[in-house]
């Protein structure tokens with residue numbers, strides 16, 4: 331069975347069988363229905379009490395009455411004509427001509443004609459007939475002979491009746507069997523449609539290649555034209571003729587529809603049946619054209635898009651205005667209505683654009699403020715707006731990643747430096763202590779004393795270096811507690827310079843302090859002292875002996891600035907920016923005390939207090955400026 | 164004073180070299196030393212021996228210096244000086260709050276440490292409950308006697324110049340109050356024609372060197388940067 335579905339011959343054969351069985355089942359079913367309604371299956375059924383017999387009897391009676399009634403017409407009212415008519419009726423109903431007998435009587439009961447005189451009959455009927463002018467009322471009593479005396483319509487109807495009567499059960503069985511077979515064949519055909527010998531899967535051929543909607547239209551057209559052809563056939567009184575007509579039209583329609591169904595099933599099996607339709611092809615073409623337009627449009631710059639859109643807007647409005655001018659009477663409302671709708675839509679689009687533009691602007695401001703976590707919702711945006719929004723989002727993401735990584739590495743560095751310097755301090759303590767113990771020993775050897783001196787100097791340098799390192803890393807990462815309060819710069823400068831009075835004197839440096847009245851700024855005095863401590867320490871270390879150091883405070887445009895100037899002992903072969911870098915000193919080759927972190931710490935600490943720290947170098951003149959906003 | 168009585172000092176540090184260096188210094192100064200290498204050992208020694216002062220490292224195995232100090236304070240009121248590599252302000256505050264009397268950061272200067280030990284011992288043994296006399300200003304370990312124009316720090320005489328004495332008197336008479344350089348100048352010199360040039364600052368600097376063990380981190384005479392100077396009000400003694 332399964333192999334057969336690949337055989338074209340088997341399927342053709344099956345289809346032919348299907349058609350035959352279909353016709354048989356339709357015919358059988360319709361005949362069965364007819365036989366049932368005609369009472370063939372009733373008890374005691376014979377020809378004389380069948381509808382077929384009664385119909386025939388009625389026909390003859392009617393014809394006779396019509397013939398006789400015509401005699402009442404004025405121009406025909408003569409005895410000869412009546413006699414002739416009666417004679418012809420009598421001739422027609424002679425035993426050798428007809429198996430029918432009748433008695434015709436008028437409304438008074440007077441018998442006008444009869445050939446019934448007690449013959450044996452199988453069926454009797456009575457009917458009445460009113461003449462056209464309503465003067466007479468004829469009554470006909472008809473009898474069907476039993477047995478028949480001649481070959482006439484009754485005898486041929488009897489034959490038909492007998493044939494159907496004897497076949498009535500056979501027809502029932504036939505219709506049932508052929509219906510079952512039709513069903514089975516149709517199921518098998520549906521299952522096996524589309525398979526082809528030598529190929530895997532489903533292959534569409536013939537009908538299968540015609541677009542589905544076209545095929546459907548053709549089938550519908552064919553069915554209608556067939557029905558029209560059959561419906562135009564001459565009318566027949568015979569029930570069987572009608573049945574055969576009905577059955578043939580039904581069969582043709584069914585076969586065509588079934589063919590269509592088979593083709594549809596094959597397409598479904600092949601998948602995407604809708605693709606082979608004219609409607610789909612047209613829609614696809616439209617879609618492709620739209621896509622093409624969209625692609626072309628998207629390649630325009632924003633300027634050209636705007637111009638095009640504006641042109642489109644003007645064109646539509648122009649068309650609507652022309653429509654308004656052309657239209658008459660109440661039709662003028664149509665362009666007005668469309669115009670309102672279109673302009674409302676255009677305004678909505680413009681507003682949406684402006685709103686999106688606004689959110690993009692906001693996002694840009696957030697980015698500029700350093701809020702990199704802000705993300706724009708670009709789902710409702712389009713074209714350049716969308717791509718612009720996505721770009722901004724990417725910038726934000728990239729920046730926040732970079733900032734995070736930077737923060738992490740800075741934090742890691744600070745932690746590392748703090749931990750390492752803690753670990754260095756413990757052995758350093760031992761070294762400091764034992765060097766000190768060595769110094770206390772009573773050593774006479776000048777060389778050893780010299781060595782101890784070197785050790786002493788270098789350990790104190792190492793100590794300073796570790797301390798500065800921790801402080802520099804903390805200051806540069808802002809890992810220092812800052813308590814800003816009103817601080818008098820003049821007082822602070824005096825205090826700081828006072829602290830250094832002896833060291834200045836020892837280095838033969840004269841400090842010149844010029845400060846006005848109290849100058850109040852918001853600063854952390856403790857941190858600012860550490861700034862000045864570093865700077866004054868540098869001055870002591872690097873000033874040319876015998877020179878003056880100028881420290882003064884000036885107030886300009888809401889800013890208070892501490893300026894310190896000194897003359898460097900060594901040429902400053904370095905830029906001011908480089909000087910503020912960590913681990914850089916004025917002269918790289920020199921190896922005096924100091925860690926080279928002083929200026930870096932001073933700058934970081936100043937900035938932590940929201941102040942500005944600047945260095946300028948002019949020849950040997952070294953100048954530091956620290957400024958803060960003045961508070962009243 | 165030290166001749167009469169030998170003080171016992173407990174050194175507690177997990178670094179053996181530091182312990183032995185400190186032992187050398189302290190023995191040279193005439194103290195008897197006990198050694199412990201973690202907090203638990205220190206507490207054990209405290210139970211058996213009579214200790215007058217403890218040098219306690221903070222970062223130690225088993226039991227750290229902070230916890231050991233807290234436990235020690237339940238039974239003893241002897242001076243405790245913390246030694247540590249941690250130099251954060253918060254660590255110092257924590258150490259002092261927990262019951263330590265002083266705090267020295269590593270790497271420390273041995274001379275300074277000896278001075279601090281001496282000061283703590285003097286205060287612990289001799290200055291406990293001295294009656295406050297009239298005309299004597301007393302803040303922490305500093306005593307200023309106006310009639311005799313003499314100043315002692317932890318019982319030792321400090322040689323002050325008359326100007327320094329006047330400045331200290333002004334500040335000690337108003338403990339906790341901040342005086343700006345100008346205020347101090349006009350008060351001491353009775354002169355408003357103030358020439359700054361750091362005159363007051365220099366005197367204060369000298370005063371600090373005479374009164375404080377570590378002038379850079381004064382306990383009594385504090386610099387309020389950008390505002391002035393003051394004597395700390397509630398210094399522990």
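Chains as they are written, first to last, in my numbering: chain L, 331 to 962; chain H, 164 to 400.
Just so you know, even glycine gets a beta-carbon here, dropped at the ideal spot from N, CA and C.
Worksheet entry | Close beta carbons around residue 852(L), own chain, < 6 Å, minus the five adjacent residues each side | For the purposes of this step, residue 852(L) is taken as the residue at position 522 of the first chain. Excluding sequence neighbours, residue 852(L) sits near 814 and 961.
Practice prompt. Name the two residues that bound the continuous beta strand (DSSP E) containing residue 689(L).
Written response: Residue numbering aside, residue 689(L) sits at position 359 when the first chain is read from its first letter. Where residue 689(L) is concerned, there is no enclosing beta strand (DSSP E), although the alpha helix (DSSP H) it sits in stretches over 663-698.
Worksheet item: What residues in the segment 852-863 of chain L bring their beta carbon closer than 8 Å to a beta carbon of chain H?
Response: 853, 855, 856, 858 and 859
Discussion item. Can you check which of these residues, 511(L), 500(L), 465(L) and 425(L), is closest to residue 473(L) by C-alpha distance?
Written reply: Here residue 473(L) refers to the residue found at position 143 of the first chain. For residue 473(L), the nearest C-alpha among the options comes from 425(L).
Item to complete: Please go through the same chain and pick out, in chain order, the residues whose beta-carbon is closer than 6 Å to the beta-carbon of residue 373(H), but skip the five residues on each side of it.
Response: Position 210 of the second chain, counted from the first residue, corresponds to residue 373(H). Excluding residues within five positions, the ones whose Cβ falls inside 6 Å are 321.
Worksheet entry | Any C-beta of chain H under 8 Å from that of residue 758(L) | The residue labelled residue 758(L) in the question sits at position 428 within the first chain. Judged by the 8 Å Cβ criterion, residue 758(L) is in contact with chain H.
Item to complete: Please name the residue in 427(L), 488(L), 586(L) and 604(L) whose C-alpha comes closest to that of residue 349(L).
Response: Taking the first chain and counting its residues from 1, one reaches residue 349(L) at position 19. The residue with the shortest Cα to Cα distance from residue 349(L) is 586(L).
Worksheet item: So residue 944(L) is in the beta strand (DSSP E); what residue range does that whole segment cover?
Response: One-based indexing of the first chain puts residue 944(L) at position 614. 942-948 is the span of the beta strand (DSSP E), which, as asked, contains residue 944(L).
Worksheet item: Would you call residue 522(L) buried or exposed, if buried means 16 or more other Cβ atoms sit within 10 Å of its Cβ?
Response: Residue numbering aside, residue 522(L) sits at position 192 when the first chain is read from its first letter. Label assigned to residue 522(L): buried.
Worksheet item: For residue 321(H), which residues does DSSP report across the bridge?
Response: Within the second chain, numbered from 1, the residue matching residue 321(H) stands at position 158. The partner list for residue 321(H) (beta bridge, DSSP) reads 314(H).
Worksheet item: Taking Cβ-Cβ distances below 8 Å as the criterion, which residues of the segment 367-389 of chain H are in contact with chain L?
Response: 367, 368, 386, 387, 388 and 389
Worksheet item: Quick one: what does DSSP say residue 217(H) is sitting in, helix, strand or coil?
Response: If you number the second chain from 1, residue 217(H) lands on position 54. Strand at residue 217(H).
Discussion item. With H, G and I counted as helix, E and B as strand and the rest as coil, what does DSSP make of residue 553(L)?
Written reply: As a position in the first chain, residue 553(L) is number 223, starting the count at 1. Here residue 553(L) sits in helix by DSSP.
Practice prompt. Report buried or exposed for residue 894(L), applying the criterion of at least 16 other Cβ atoms within 10 angstroms of its Cβ.
Written response: On the first chain, position 564 is the one that residue 894(L) refers to. The residue in question, residue 894(L), is buried, as its Cβ has 16 or more Cβ neighbours within 10 Å.
Worksheet item: Under 8 Å Cβ-Cβ, which residues of chain H neighbour residue 795(L)?
Response: Counting from 1 along the first chain, the entry for residue 795(L) is found at position 465. Result: empty, since nearest Cβ-Cβ is about 12 Å, beyond 8 Å.
Worksheet item: Touch check for the segment 384-399 of chain H and the segment 323-341 of chain H: three-plus C-beta pairs under 8 Å?
Response: yes
Worksheet item: When DSSP labels each residue in this structure, what does residue 780(L) get in the three-state scheme?
Response: To locate residue 780(L), count along the first chain from 1; it is residue 450. Helix, per DSSP.
Worksheet item: Should residue 817(L) be flagged as near chain H, meaning a C-beta pair shorter than 8 Å?
Response: Counting from one through the first chain, the residue named residue 817(L) turns up at place 487. By this cut-off, residue 817(L) is an interface position.
Practice prompt. Give the range of the beta strand (DSSP E) segment to which residue 265(H) is assigned.
Written response: Within the second chain, numbered from 1, the residue matching residue 265(H) stands at position 102. Note, residue 265(H): beta strand (DSSP E), 265-268.
Worksheet item: Are any of the Cβ atoms in chain H nearer than 8 Å to that of residue 763(L)?
Response: The residue labelled residue 763(L) in the question sits at position 433 within the first chain. So, interface residue.
Worksheet item: Does residue 827(L) have its Cβ less than 8 Å from a Cβ in chain H?
Response: Within the first chain, numbered from 1, the residue matching residue 827(L) stands at position 497. Yes, residue 827(L) counts as interfacial toward chain H.
Item to complete: May I ask you to report which of helix, strand or coil DSSP gives residue 334(H)?
Response: To locate residue 334(H), count along the second chain from 1; it is residue 171. Residue 334(H) falls in the helix class under three-state DSSP.
Worksheet item: When DSSP labels each residue in this structure, what does residue 602(L) get in the three-state scheme?
Response: Counting from 1 along the first chain, the entry for residue 602(L) is found at position 272. Note: residue 602(L) maps to coil in three-state DSSP.
Fill in: Selected residue, minimal CA-CA separation from residue 928(L), among 825(L), 339(L), 794(L) and 892(L)
The count along the first chain starts at 1 and reaches residue 928(L) at position 598. The residue with the shortest Cα to Cα distance from residue 928(L) is 794(L).
Worksheet item: Is residue 448(H) close to chain L, meaning its C-beta is less than 8 Å from at least one C-beta of that chain?
Response: Beyond the ends of chain H as shown, which are 164 and 400, falls residue 448(H); an answer cannot be given.
Item to complete: Give a yes or no on whether 8 Å exceeds the smallest Cβ distance from residue 264(H) to chain L.
Response: Walking along the second chain from the start, residue 264(H) turns up at place 101. Not an interface residue.
Discussion item. Buried or exposed for residue 438(L), going by 16 or more other Cβ atoms inside 10 Å?
Written reply: In the first chain, the residue the question calls residue 438(L) occupies position 108. Exposed.
Discussion item. Looking only at its chain, what residues have a beta carbon closer than 8 Å to the beta carbon of residue 976(L), apart from the 5 residues adjacent to it on each side?
Written reply: No statement about residue 976(L) is possible, as the shown extent of chain L runs from 331 to 962 and does not include it.
Item to complete: Report the residues of the segment 214-246 of chain H with a CB closer than 7 Å to any CB of chain L, ordered along the chain.
Response: none
Practice prompt. Within the same chain, show all residues whose beta-carbon is closer than 6 Å to that of residue 541(L), passing over the 5 residues directly before and after it, in chain order.
Written response: Here residue 541(L) is taken as the residue at index 211 of the first chain, counted from 1. Around residue 541(L): 606, 607 and 608.
Discussion item. I believe residue 669(L) touches residue 650(L) by the beta-carbon criterion, under 8 Å. Please report the beta-carbon distance rounded to the nearest angstrom.
Written reply: In the first chain, counting from the first residue as 1, residue 669(L) sits at position 339. In the first chain, counting from the first residue as 1, residue 650(L) sits at position 320. Right, their Cβ atoms sit about 4 Å apart.
Discussion item. To test your reading of the DSSP string, which unbroken alpha helix (DSSP H) runs of 4 or more residues are found completely within the segment 813-869 of chain L?
Written reply: 819-829 and 831-836
Worksheet item: Who pairs with residue 458(L) in a beta bridge, going by DSSP?
Response: Within the first chain, the letter at position 128 stands for residue 458(L). Its beta-bridge partners are 469(L).
Discussion item. In this structure, how does DSSP classify residue 505(L) when only helix, strand and coil are distinguished?
Written reply: Here residue 505(L) is taken as the residue at index 175 of the first chain, counted from 1. Residue 505(L) falls in the helix class under three-state DSSP.
Item to complete: Compare the C-alpha of residue 216(H) against each of 193(H), 284(H) and 185(H) and name the closest.
Response: Within the second chain, the letter at position 53 stands for residue 216(H). It is 284(H).
Item to complete: Pull out every residue of the segment 895-911 of chain L whose Cβ sits closer than 9 Å to any Cβ of chain H, in chain order.
Response: none
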